[in-house]
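In our numbering, the protein residues as written are 69 to 438. Here a beta-carbon is modelled for each residue, glycine too, at the ideal position from N, C-alpha and C. One structure is given below, encoded as structure tokens.
Okay, here's the thing in structure tokens:
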């Protein structure tokens, strides 16, 4: 799939933008704070329904307006998509696909698949579990909209169960009602965990291959899924549910005392290993950057295998974070994929790379195609 046109109205620092995209390799360059990343952010919103930089849509509105509008035309093998996202001043966000209104954000998933690689992704290894969960949740949701619905449902159940735990601490007579909420959270949470495990196994497989190519076989990369409680078998949903149920029972009094749910998908994590050693604890900065690049390339491979189409790759100011060897590997392995790259200088690109690229210069929200 690839993007043919991007239209923005009153979005960030863009009063009006209508950008036709001709090639698969697009370089958006200019000084800092001119609006380069805003274009990639708008593409990402049409892919996932939300920004990767803020959770507040009001921050995306141009300061001279009270609403914003994004429209992206996507060409695919089977059915083209015209994706529209509109935020109005009363705080409501409207989504449309081919002029048909969507009732839920989950209905947007899969119409435009993207892989975003930004400097913040280099923190996947260093930061806490929430950042790592967010990365896999967004990727899986694009591939499996049902997973996105399960996540939404799970968070609602989790909030209600936590409220009940607080009430039980003050009124033990409510303890009998906890079993009902346990079964709800077990059913939904087990589906999430099974899907995560399947995805993590596939991600580890592809990332291992990418990393061997990137390092010339000198390092072996593996990714291990770490659920919040022991699971004996992930291939059987009933086994996951049984282990889940036992763990909730073991932690019941502790959860009542702390008034919060201590196990479940909201506490899951995963860890990346190089040569059987924790990358977070023992890896150098260079090794960590190489590993993240391998994971991102693996993400692309999985999307192609799952959907039959290449996703759109968004590289947001990462060239300065990668040395020449990693840049070369990246460019050699993204042929055939539509790519949007933001950077400050055209000098990042060789003459050969420049021949197959369109360059867009951004100055204070004005884009000029060169």
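Scanning its chain for C-beta atoms nearer than 6 Å, with the 5 sequence neighbours on each side dropped, one finds around residue 297 the residues 315 and 331, in chain order.
As for any alpha helix (DSSP H) of minimum length 4 sitting wholly inside the stretch 86-173, the runs are 104-116, ordered along the chain. In this structure the stretch 256-268 touches the stretch 206-218; the number of beta carbon pairs closer than 8 Å is three or more. Note on residue 369: 16 or more other CB atoms within 10 angstroms of its CB, so buried under the neighbour-count rule. In the three-state reduction of the DSSP assignment, residue 290 falls in the strand class. Using a Cβ-Cβ distance cut-off of 8 Å, the stretch 180-187 and the stretch 105-120 are in contact, since at least three pairs of beta carbons, one from each stretch, lie closer than that value.
Straight across, the Cα-Cα distance linking residue 120 with residue 431 is about 22 Å. Rounded to the nearest whole angstrom, the C-alpha separation of residue 101 and residue 348 is 31 Å. Bounds of the beta strand (DSSP E) holding residue 339 are 337-342. The residue among 321, 73 and 395 with its C-alpha nearest the C-alpha of residue 152 is 73. Taking the CA atoms as reference points, residue 251 sits about 24 Å from residue 174. In the DSSP annotation of this structure, residue 360 is not part of any beta strand (DSSP E); the continuous alpha helix (DSSP H) holding it starts and ends at 353-375. With contacts defined by Cβ atoms closer than 7 Å, residue 384 and residue 410 form a contacting pair.
For residue 434, there is no enclosing alpha helix (DSSP H); the enclosing beta strand (DSSP E) has its first and last residue at 434-437.
Of the candidates 363, 93, 304 and 406, the residue whose Cα lies closest to the Cα of residue 378 is 406.
Rounded to the nearest whole angstrom, the C-alpha separation of residue 394 and residue 307 is 42 Å.
For the set 161, 143 and 90, the Cα lying nearest the Cα of residue 124 is the one of 161.
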